Each structure stands twice: as structure tokens, then as C-alpha cells.
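Remarks on the structure that follows.
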Amino acid sequence: MNNYKKTRIFTYVTLIAILMITGLFKVSTVKADSVDTVISMAPEGLPLDGFFSIPSNYNANTSGATTANSSKIITGPNALYPNTDAVKVTNADAKNEVGSAWGNLDSGNYLDVTKPQTLSMWLFFGQPDNNGDAADGMAFVLQNDIRGASAIATDSKNNPTAGETMGVWGNDIGTGDTSTGAVAKHAIQSSWALEFDTYSNKGSSKGTAFDSGTDQSGGKLTNGQHIAADYPGFADAYAKVSSGVYSMKHTQEGTLKPHNNVALAESSSMSGKGRWHHLTLEYTPSIDGASPYIDYYFNDKKIDGTAGHELGYDEETDHVTIDLSKFNLGTSNKLRYGFTGSTGDVQNTNMVIFETMPSLVNAETTSSINDVTQANREIASGGTVHAGDKLQFNYKLSYLSGSKSLDNANATITLPDTEAIDYTADSNGNVGNVNYTNADGIDNSVDIPKSAISDGTLNLTSLKSIGGEDGITGLTVQLNGKANDYGTSTHDVASEHAKFTSDYYKGDTMSPNFTIANPTTTKTLTLASDSLDKTAYIGSGDEVNLDGTMKYNTTDKVNNENIIFMVSVDGETPTNVAMSGGTNGEFTLPYTTGSTNDLSNMQLGKGKHTIEVFAVDKSNDYTSSNTLTYTVDVKEVGLIATADQTDITATDNSPIKLSGTYKHNNGMALEDPAVTVSYTINGGTTKTEKINNANGTFSLNIDPSDLNTGDNTVSVYLTDSALHTSEDNPLTYNINVPKTAPVLSTDNTDITALQSDGKTNLPGSVTYDGTYKFNDSDLTWHMSVAGADKGSSDIQSSHEDVTSSDFTQTFNLSDVGLNTVSDTPYVVTAYVTDPYGRQSNTVTYNVKVIDRTVSVNPDPTLSFNTINTSEADRVVKRSGGWNIMVHSVKSSWDLTANSSEFTKTVNNETTKLGANLIFTNKDGVSQSMMDQPILLDSNDDQDSEDVNVAGDWSADTGILLNVLPNPSAGKYNGTITWNITQGPVE
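Here the UniProt record's numbering is used: the first residue of the sequence shown is 1, the next is one more, and so on.
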């Protein structure tokens, strides 16, 4: 406390000097703030109704009398904060009071010994009387006394004791006990207390000596108003002064020293705000077997939330180990917390305002600044940024635990130095975001419009509930700014206050202070690279290095150990990436394509990625570098296929051959000679074909039936046994099938079919354009009878590689519906198609089906015997056996014949033979057949038979040649015309 004493002495001397000087001129008075005025200046806190237990009276003494509890709740002591409640523990108008107020366990207000929790509160200790005395103070108490909220320090008759006990410690008044244990029995049991003692009890009689103890050297343990801690219900907290007289040790089993000469209750000459003192207690539970402890901070902030104390008093702090066994908790995790206080012969006001009740809402408020330009580096208090740096001011509210959600939260943030920092809105009119987080990270983000800032203060109201059913665990208010340029000067930016208030929590934080560096002394770092386009192959073990050089704009050499690289992949937030070893001034950021990768521990997916890299010098002497933009094309190890020919025109009806070669896209050898070819035709279903011995080449036959007339697109990709594929870069073949269609014709459209034969023959001929070659097997015959489809069939011939083909299609009459005799011919239509589906013109046949017929079928060549020239007429006989077959079905018939002249042609000169054919019947009667039909034979029955008309002729009957004298030598030819007539139906 030496610092405090020096401050106070300096202050008093200064005041005396001022009074002496001003006394030379005129008399001045110092305005005094009364107790009521100080109370009216009370800080903002929480409403307490229902969350604290304040019994009106304590348990009856041995005579049945009760003692009143001096504590009560005062609502809205400061009109600015009507929802703030204060616990008034003692009053300035009553002596020998004792009071207490405890967190209400039934309402969930307690200290949970299993969780980290923070209690934040404001304390007012009143003011001394005219003699400079203030009594007696307050104590913050944790307790598990069986009396619960009625626990209080008592005497041997169970009367609550005031004065030096402060309502929590044991006492030696009238007990007659002669031990420290007897004193401890009259304290609040199973408790720990942190006392704020405003009256130094240094007497030598009972009830007056609690502060008269000495240390091992004989010096006084306490001096003036002080802070100390111990376990009130344990004998070790007390020491014997003399017979029946006891003091407190103030050392908590020798582990602590009291804070002496602390300004608690102060004169009315002091500022009213300065007489409110802030206390923060941070409880940390047992971790890994270590003892729990409490860190407390007294005078740690001002009423406006900024750090320090209004009057510049030192912050008092200590680290206190807590022995939970002294609370006899058993299986419970709940400790009552609260305040006790008392007065003696001197009366005083003691008051408490709570900012947190951690079992209800245990939260934390923090702030930070990040230099976005400098790799998002966090700026510590006293740090430096450069002019033009983009800054992010962060105000974080974290929900840690509690039985209530953090509702109706508001944020009031004083913007740091609005002249030094440019808080210009972005293109959407926003200056930042409120980012709400859950267990998985950012839950959602809400824009902060520029209109939320007024007079340098950001006010946000009705923030979302935190710690509720929607899973939000915290929020961060992020404000964006830019450091302004101060020319040749540096500029200091002071820390500023921010606070969050809600139903059950109030928290303050101060932004870090920092300096904007002199821009004329700013040094720059420049990155360069001549290789910004990279390619990587997943799974091949390849490594991609984002490499380049670094250079300062000064003569300094780059020390790689001072460089931090920030990498943004595809527009994401930049992250810190380690640089691999290398020469100073050069950098390499490696990226592998295996299961792990060195680039920000991110696995890049297949495709092209934009990677932005900039660097920051950790020494902060240099601005962040320029940004290099790399393009990394991440590919799977695959196949590259190349077509032998991509544009193909069909010149015949054979399958179209597609061929090509393939290899790995990264140059590695093929693992297997086999490859699977997958292809689609005109975007249809994918088909596959495996080639076992491909060895880098492939071919594929496309059936013409799968192609259309005109343009066709065939997409082809390959896959090897290691599943490497060219699917991402398929081959495209363009196949043109000319629209040239087959042409069908016939030399006989009138067809007669004999019913008894059961067949009919349809002659046809097919060609294309006279040059297009085909096979008969390529073509399909389609036929309809009387408009009814009779299906399709193959062409009944086998010509190959021809430009035209004649053929005859033979069908069973019954198969095509021609088995019924009809006087009217059947109309038969036919066309052909080829493998490409090209269709010919349609040919129409008239097919008449009959049930009776007669026909003659002579040998095509008939001859007569050779003769010598002669002066006489002669009849020349037939040479060899003649066959003149008559076929009849259910028909009688007459066969007649006539002949032409016989001639020979030699050297283009035609000579007639003086001769003519004659027919000689069996009676020897001869008739000339020249130019007139002669009846050769007839049949009157209507049987079905085959007759050789010449079979009954003798050598001297039948058709003979009558030759005139002196014929010219040579070979003569003539023509016999046969006529058969069908007889009538009988």
C-alpha cells in the first residue's frame, strides 16, 4: 500500500499548497458530496428482485428475542438506471447494526464450484464521521452454513453480533471461552470471507482487538482500512491476544497478507463517483487435481467502465486458494454467496450493486483489434499500425454458462479516435457486422449500418438471445476502419470503452491503444514470381510449389524467419501458412496432392483455384507486401486420348471405325495394357467396351444402326485398370451419314401367282447413286399387302461390294396373305432400308392369285441336222431330242407355233435361207409355219399335268425344215414363236 500512501500524502500537500496560494487572493470552498449524493451517482447494475434472500429478522436468541436484518434492496438509486437494484447492507443512521444478503438458491443464484465463474460488483463504504472513523465495513462471503440465508455471526446466547465481526467472523464478547475454536464457533460456519474493513479494531479488550495482531517480527498485521480473507468458522483464523481477548490473523492459514491502508470509506471531500469501488472475483474450479482458487481485483475500473479508479487509486489484487472441504458440500456443487456488514459505536452506509450473477448468466466481454492489411495480425496494447492499414475492431460477448439465457442485450461502443480512424461505410452502407456463433462456428451475420453510429458511439439494441434454445453461444461486433495518414507525424490512438448490458449481465471492456506509424518512415516488402500458373495431379505424389522472391525497398536483407505468409484460397479468409526452408529472400509454399497437404492444411478439390499470397514482416518495420495471385489447376491423374481422325463420312454401310491413342496426363507409364472405352452417341446412353491389349491404342466400331442420317456426335472417354480416365476431356468424333437413300425398282410389277404352288416371286433391283457400294446383307425388305404391314425380311441374294443388285424375293402366299384366288390383283407395296435407317422409294406390285394355269416351256435352243447343198428340195430332220414342255393345272389347252425366216450374217451382209419350217402331223400332212400359227397339240381334259409335246413325234413328224435347192453354205438362225391357249372352265 505504499503507492497509495504516497498518493494520499502528495494529494494533501497539494491541497494545502493550493489553499495557501489561493488564500492570498480570496477564500474558496470545496464542494462536498453527501452520502445521498454519492448514492444518487450509483453505477449501472442488475435488477435483483427474487434473486437474493434477505431475512427481515435473524433466528431468536436463547430468550426468544429476534434481531432485525439491516439489509434491504433499494430500487433505482440512480435515476439514470431505473432498473438497477442496490443492496443496502447497513445504514448511516444506526449504531450496532448487522445485515446480510444472500443469493437465492431457489432462484438459481449461487456459485457453482464446478464451473469457472466471474462476479462483478460495485461497493460503497460510506464516509467517516467527524473523527475520521468509519464502521465497520462489509465482507463478501461464500458459505454453506446449515442456517442458510439466516446465517450470521452470533454470541454465546445466539444474539447476532455487530461491530468487528462484520456479521461473519466469530467473537469473544461474553463467551467465557478460552480458545480460538470457541471464537470460531460463533462465526458463519462452512464459510470463506473477503473482508473490507473500514474500522481498525486495535483495542486490548474483548470485542475491540480483532485488528491488533502482529506478524512474526512483531509488526502490525493490519494498518488502517484494509482487505483480508480467511475461513471464519475455523480456529486457525484467530489468535489469542490475552486472556479472553482474541484477534484475527488476516492471513488465511499463512498464505496471504492483508492489503493495508486501502481507501474504502472516504471523506465527503472526495468525488462522489470516486467513492464507488469496483470488485471483480474470478473463481476457477479444480482442474487436473489442482486446488480451486479465486483471483480478485479491487478498484479495477471506473463507473464509466474504463480501467482504473476515478481518483487514481492502485488496483488491489490477490490470488487465493480455496479449500472446498471446509464448506462440507457433500455431493452439492452450490455455495451461497453474498455480503454481510455491521456497524458498532460508529455508524455508516454500506451498499452493493451487482453487475453479474454467474449461476444465472456467466459471460465474458473482451475486445481486440486486428490489422487486416498485416495478415490479420492482432494489435496488442501499445502496438503499431501503418497509415492506410485496414483495421477490424472486435467486441466479443461470450456466454460461458448459466441457468438463464442472455436476453435483451444492448451494446454501447465508443469508437476509438474517429479522426484517426476512417469508419467509412462500404458500398452497401455498412460499417461492420454482428457475427453470432454457435458450437460449429458462425451461425449468422447481421450487417451494421453506418446509421447505428451517432456522435462517435455505436449503439446496438435488441441483440439476439445468447445461451438459449437456438444454440447461439456468443456474438462479436466487428467494426471496419482504416488508419488515416498523419503525414510526417505518428499518432497515438487511445483505448476506448465498450459495454454490453442485458437482463442478468453487464460487462465492460476497453479497446487496446495503439500508434499509427509515421508513413515517411514506412518500409515496404515486395513479392515477385515468374511462375504464377501451376498444375497439380491428385494422388500422383506431385508437389506444387508456390514460389517467388522477397525484397525490401531498403538496403536491408530479408530474413525469412521474420516473414509470415498469408494465403487466401478461392476468396476465403487469409490464413497463416508455413514457408519451407530456403535462401533468405526466396520463398516456397509447398502443396501436395495426397491425403494431406501443406497449403493451409486444406485439400483443394479438382479444378482451377485462385490462391492469393501476401507476406507480413513480424518485426512490424515494414508494411504488408503486395499480393501475388497464383492459379493452380488441380487435376486427377488421368488419361489423355487423341483421335486418329475426328471427322468421318460414311461411304458404305459398314460399321464406322473410331480409333486413337492414349497416355497418362502426367507422363507416367501405363499400368496395364487393358483399357475400357466408354462412349455415347448423340448424347444417349453410355456404352462400354473393354480392349484387353490396347497398349496405348484403341479402336471402336460404331454400328450404323446407332447412327442417324446427317451429322452424328460420338463422345468417347477411356478408363484404365487404375481408374485413371479421360472423362474430363472426352474425344469428340463427328460422323456424317449422307442422306443418299437406296433406290428400289422392278422390271415387272404385274405378278401372277399360282395358288397350288403356294409361292410368289417379286423381282427387284436396288442401287444408290451408282458409286455407293453395299452388300445385299446390308438391306432390309419391308412389304405391305393391301395396306397391311407384312413385316420385314432380308434381301434374298448375297451380292457384296456392289453398286447395284438384282434379286427376287420369294414368299409363301399364306405367309403374306396372298393365298386366296381373286379376280382383282392384290396391291403389294415394298421398300428397302439400310443399316443407317435410310429408306428407299416404294414400289407397287399387282399380284394376281390364280388356281388354274397352262404354260409352255420349250428348250431355248433347238437345231436341225447339217446338210450339204443339193439341186433338189429336201426336208431336214430335227437334231437331237426336242423338249417342248406344256405345264397345265386344271386347264385344257391348245398349243400353236409359227416361225420366222432363217438368215445368216457375214461381214454385215445378211443372207436368207431358202427354206421354211413345216409341221407334219402323224397322218403325214404338212403345213408351213411361216407367218401363221399352226396347231401343234391340244388337250381337252382339265387335269394337272406336264406334257412334252415333242415326245410323241417321230423322226418324220413334228416340226421339220423344208429346204429349197442350192442353199448357200452357212449357219442359219430363225425364231419359233410358241402360243398356248387355256381352254374354258367346264
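From the three backbone atoms N, C-alpha and C, an ideal C-beta is built for every residue, glycine too. All values reported here derive from a predicted model rather than from experimental measurement.
Quick one: Cα of residue i to Cα of residue j, how far?
{"i": "Ser529", "j": "Asn576", "result": "19 angstroms"}
{"i": "Ile850", "j": "Thr646", "result": "58 angstroms"}
{"i": "Tyr733", "j": "Asn682", "result": "10 angstroms"}
{"i": "Thr798", "j": "Val766", "result": "Contrary to the premise, residue 798 reads as Ser rather than Thr in this sequence. The alpha-carbon atoms of Ser798 and Val766 are separated by roughly 13 angstroms."}
{"i": "Thr571", "j": "Ser427", "result": "Position check: residue 571 holds Gly in this sequence, whereas Thr was assumed. About 18 angstroms."}
{"i": "Ser332", "j": "Lys404", "result": "20 angstroms"}
{"i": "His250", "j": "Phe298", "result": "17 angstroms"}
{"i": "Pro232", "j": "Ala184", "result": "6 angstroms"}
{"i": "Ala786", "j": "Phe807", "result": "23 angstroms"}
{"i": "Lys499", "j": "Val434", "result": "15 angstroms"}
{"i": "Gln347", "j": "His309", "result": "26 angstroms"}
{"i": "Leu400", "j": "Ser205", "result": "49 angstroms"}
{"i": "Leu935", "j": "Ile884", "result": "14 angstroms"}
{"i": "Asp295", "j": "Tyr283", "result": "7 angstroms"}
{"i": "Val827", "j": "Val847", "result": "6 angstroms"}
{"i": "Ala134", "j": "Asn394", "result": "44 angstroms"}
{"i": "Thr384", "j": "Ile516", "result": "6 angstroms"}
{"i": "Trp978", "j": "Asp923", "result": "22 angstroms"}
{"i": "Lys326", "j": "Ala92", "result": "34 angstroms"}
{"i": "Val716", "j": "Thr725", "result": "11 angstroms"}
{"i": "Leu415", "j": "Ser489", "result": "22 angstroms"}
What residues match up with residue i in a beta bridge as DSSP calls it?
{"i": "Asn973", "result": "Thr903"}
{"i": "Asn57", "result": "Ala68"}
{"i": "Arg852", "result": "DSSP output for Arg852 lists no bridge partner at all."}
{"i": "Leu612", "result": "Here the sequence assigns Glu to residue 612, which means Leu is not the residue at that position. The partner list for Glu612 (beta bridge, DSSP) reads Ser568 and Thr629."}
{"i": "Ile442", "result": "Thr437"}
{"i": "Lys534", "result": "Val632"}
{"i": "Asn459", "result": "Thr412"}
{"i": "Val141", "result": "Ala193 and Gly338"}
{"i": "Gly782", "result": "In the sequence as presented, Gly is not what sits at residue 782; that position holds His. Paired residues: Ser792 and Tyr831."}
{"i": "Phe698", "result": "Gly660"}
{"i": "Ser805", "result": "Val766"}
{"i": "Thr421", "result": "Before going further, note that residue 421 is Ile rather than Thr in the sequence given. Note: Ile421 sits in a beta bridge opposite Ala483."}
{"i": "Gly148", "result": "According to DSSP, Gly148 bridges with nothing at all."}
{"i": "Val346", "result": "None; Val346 has no bridge partner."}
Assuming residue i and residue j form a contact by the criterion Cβ under 8 angstroms, report the distance between their Cβ atoms to the nearest whole angstrom.
{"i": "Ile538", "j": "Lys606", "result": "7 angstroms"}
{"i": "Glu355", "j": "Ser368", "result": "So it is not a contact: roughly 21 angstroms between Cβ atoms."}
{"i": "Pro704", "j": "Tyr836", "result": "5 angstroms"}
{"i": "Thr501", "j": "Gly456", "result": "Not really, about 19 angstroms apart at Cβ, beyond 8 angstroms."}
{"i": "Gln117", "j": "Glu266", "result": "Rounded, the Cβ-Cβ distance is 30 angstroms, inconsistent with contact."}
{"i": "Leu917", "j": "Asp834", "result": "That belief does not hold up - the Cβ atoms of Leu917 and Asp834 are roughly 52 angstroms apart, past 8 angstroms."}
{"i": "Phe339", "j": "Phe51", "result": "At roughly 14 angstroms, the Cβ-Cβ gap does not stay under 8 angstroms, so Phe339 and Phe51 are not in contact."}
{"i": "Ala153", "j": "Gly132", "result": "Ala153 to Gly132, Cβ: 26 angstroms. No contact."}
{"i": "Thr90", "j": "Gly272", "result": "So it is not a contact: roughly 19 angstroms between Cβ atoms."}
{"i": "Phe196", "j": "Leu111", "result": "No, Phe196 and Leu111 are not in contact; Cβ-Cβ is about 19 angstroms, not under 8 angstroms."}
{"i": "Val558", "j": "Asn480", "result": "Incorrect: roughly 31 angstroms between the Cβ atoms, too far for contact."}
Using C-beta distances below 6 angstroms, list every residue in its chain close to residue i, excluding the 5 sequence neighbours before and after it, in chain order.
{"i": "Ile691", "result": "Val675 and Phe698"}
{"i": "Ala375", "result": "Ile564, Met566 and Val616"}
{"i": "Thr746", "result": "Pro763, Gly764 and Val843"}
{"i": "Ser938", "result": "Asp894"}
{"i": "Asp633", "result": "Thr535 and Lys608"}
Looking only at its chain, what residues have a beta carbon closer than 8 angstroms to the beta carbon of residue i, apart from the 5 residues adjacent to it on each side?
{"i": "Ala42", "result": "Pro77, Asn78, Tyr81, Thr84, Ala86, Trp122, Phe124, Trp276, Met351 and Ile353"}
{"i": "residue 1004", "result": "The structure shown has nothing for residue 1004, since the chain only spans 1 to 986."}
For residue i, I'd like the list of residues in its chain whose CB is within less than 7 angstroms of its CB, leaving aside the five on either flank, ordered along the chain.
{"i": "Ser595", "result": "Low local confidence applies: a pLDDT of 41 at Ser595 is under 50, so the model's placement there is unreliable, with the coordinate-based value given in what follows. None."}
{"i": "residue 1000", "result": "This structure leaves residue 1000 out entirely; the chain is present only between 1 and 986."}
{"i": "Ser721", "result": "Glu671, Asp672 and Ala674"}
{"i": "Lys657", "result": "Ser699 and Asn701"}
{"i": "Met270", "result": "Leu311"}
Exercise for review: Say whether the region 874 to 888 touches the region 904 to 914, bearing in mind that this needs 3 or more beta-carbon pairs closer than 8 angstroms, one atom from each stretch.
Suggested key: no
Review point. Is there contact here, the region 47 to 67 with the region 94 to 102, by at least three beta-carbon pairs under 8 angstroms?
Key: yes
Review point. So, do the region 473 to 484 and the region 445 to 463 have three or more beta carbon pairs nearer to each other than 8 angstroms?
Key: yes
**Study point:** the region 957 to 974 touching the region 850 to 860, judged by at least three CB pairs closer than 8 angstroms
**Key:** no
Review point. With a cut-off of 8 angstroms, do at least 3 Cβ pairs link the region 436 to 446 to the region 141 to 157?
Key: no
Check your understanding: Three or more beta-carbon pairs under 8 angstroms between the region 381 to 394 and the region 447 to 454, yes or no?
Key -> no
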